[in-house]
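Using our numbering, the first residue of the sequence shown is number 1, and each one after it goes up by one. We put the CB at the ideal spot given by N, CA and C, even for glycine. Structure first, commentary second.
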Amino acid sequence: MIYFSILILLILCEYINILTNHKYKYLSNMYLIAIGSILFLIAAFRDGIGYDFENYRKIFNLITIDKVPQGSSNVEWGFYLLNMISYSFSIVIFISALIAIPMKIKLICEYSEDGLLSLIMYYTSVFIMFDMGVIRQGIAIMFMLFSVKYIINRDFKKFLIVILCGSLFHITILVTIPLYFLSYIDFDRKVIYGASFIALVFSVFKVTTIVFKILAKLPLGTIAYKLNYYLNSNQSNLTMSLIKRIIFLVIFVEFFKRKKIKDKKSLIFLNGYFLSILIMGIFSSVDIIGGRGSMGLYFMQVFLFAIMMKRTEKKPLKLAIFAVVILLSINTMMGPINHGNSSNQPYTPYKSIFSSSDLDTK
């Protein structure tokens, strides 16, 4: 299928980089631009492909044909306005891809110590799940990445403006705000592991669900209504995913401590990933917050694996890291594709707006 063809191409390009010790940087840049352009075209011109495609088409029809107000459309203002200014649904898909994908790839090039490795992980996770599916959150994740620039520069005003702009497309980006204050802290192992254990306890014993049920019974008006909505509509069990995140957090932390990595940008990525675990654990029973809401911060792992790859000297160890990334990436990619195909939100066979015939086969 087309998705595996792209993944194989990315793997081959990164393998060449590893064998040549990343000597030919201009080749890496060419790979990133060429493959990034392919990803944009696939997402921008797809037809009926990916999560929520038909739901987004219904939203477009409601907004442009039935003229429903923003509050009744159940989408944030930014996405509502995007539909309002688009004369066809294909334009909505195109503009969404244009906003989300090129900037993410540019930021990956700018932030990552191994752009191709990070691109592999981006492609198999955020691109497949969000840029080809839940496009509102895909756009929000782009704003989250863009905000890192202002964390580095310590410009809270611009950071907050970027985050608020992202919230116009998906409100869950607001969970990124604590990262500004945690960004440069070199946490002790005891703090990281202790907090992660508490987050795991929250998840296993569903502490948040219990708290929400109590609050939902209080006369809190709209807040009580929202809490009831989350409890009845967004129940989820994210404990196993949380355990996997914690395992990799331990690997990242131990690598940072042993290599004495304390530069500002690296700490932002590590603490962002750590924050994703806290949010997932505390809100594990509320998928829109603990699951999807933490995805932008969880995305920080693409930079952490790149740091490990770049700062590992021995080639066998580099290849071992690469093998882990490949296995994780295949598993991550196949989840949305298989679930989408089985839930009538197909990823295969791929179809574009330019052809009536399939461009892909399973």
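Taken through DSSP and simplified to helix, strand or coil, SER294 comes out as helix. Take ILE198, set aside five residues on each side of it, and the residues of its chain with a beta-carbon closer than 8 Å to its own are GLY281, in chain order. The C-beta separation of TYR51 from PRO336 comes to about 7 Å, placing the pair in contact by the 8 Å criterion. DSSP assignment within the stretch 23 to 111 yields the following whole alpha helix (DSSP H) runs of 4 residues or more, N-terminal first: 25 to 44, 53 to 64, 70 to 73, 77 to 85, 89 to 111. If you look at HIS339, you'll find it in the alpha helix (DSSP H) that goes 315 to 342. Inter-residue distance for ASN17 and ALA34 is about 16 Å (C-alpha atoms, whole angstroms). CA-to-CA, the gap between TYR184 and ILE268 works out to about 6 Å. Assigned with DSSP and collapsed to three states, SER125 falls in helix.
The stretch 120 to 132 makes contact with the stretch 324 to 344, as at least three CB pairs between them are under 8 Å. Following the DSSP letters along the chain, one finds ASN17 inside the alpha helix (DSSP H) bounded by residues 2 to 19. In the DSSP annotation of this structure, the continuous segment of the alpha helix (DSSP H) that includes LEU242 starts and ends at 239 to 259.
In the three-state reduction of the DSSP assignment, SER355 falls in the coil class, being assigned neither a helical nor a strand state. Residue burial is scored here from C-beta neighbours: LEU179 has at least 16 other C-beta atoms within 10 angstroms and is therefore classed as buried.
Of the other Cβ atoms in all chains shown, fewer than 16 fall within 10 Å of the Cβ of ALA320; this residue is therefore exposed. The residue from ILE49, SER342, LEU278 with its alpha-carbon nearest to that of VAL201 is LEU278. Taking the Cα positions, LYS23 is about 56 Å away from VAL68.
The three-state reading of DSSP puts THR348 in coil, since its state is none of H, G, I, E or B. Three or more Cβ pairs closer than 8 Å define a contact, and the stretch 256 to 264 falls short of that threshold against the stretch 163 to 181. The alpha carbon of ILE99 has as its nearest neighbour, out of PHE159, VAL253, ASP47, ARG136, the alpha carbon of ARG136.
In the structure shown, ARG311 adopts coil according to DSSP, grouped into three states. Here PHE156 is exposed: its Cβ has fewer than 16 other Cβ atoms, across all protein chains shown, within 10 Å. Linking LEU317 to MET309 through their CA atoms gives a straight-line distance of about 8 Å. Less than 9 Å divides the Cβ of ASN61 from the Cβ of PHE89. For the pair GLY48 and GLY340, the CB atoms are not nearer than the 9 Å cut-off.
Spatial neighbours of PHE159 in its own chain (CB-CB distance under 8 Å, excluding positions within 5 residues in sequence) are listed in chain order as SER147, TYR150, ILE151, TYR180. In this structure, ILE120 sits near LEU10, with a CB-CB distance shorter than 9 Å.
For ILE330 and MET240, the gap between their C-alpha atoms comes out near 18 Å. In summary, ALA306 is buried, with 16 or more beta-carbon neighbours lying within 10 Å of its beta-carbon over all protein chains present. For ILE177, the enclosing alpha helix (DSSP H) starts and ends at 177 to 182. Rounded to the nearest angstrom, the gap between the Cα atoms of VAL286 and ILE141 is 19 Å. Between CYS13 and the set THR332, SER342, PHE322, the nearest pair of CA atoms involves PHE322.
Exposure of TYR87 is indicated by the presence of fewer than 16 other C-beta atoms within 10 angstroms of its C-beta. In terms of Cβ geometry, PHE79 and LEU168 form a close pair [threshold 9 Å].
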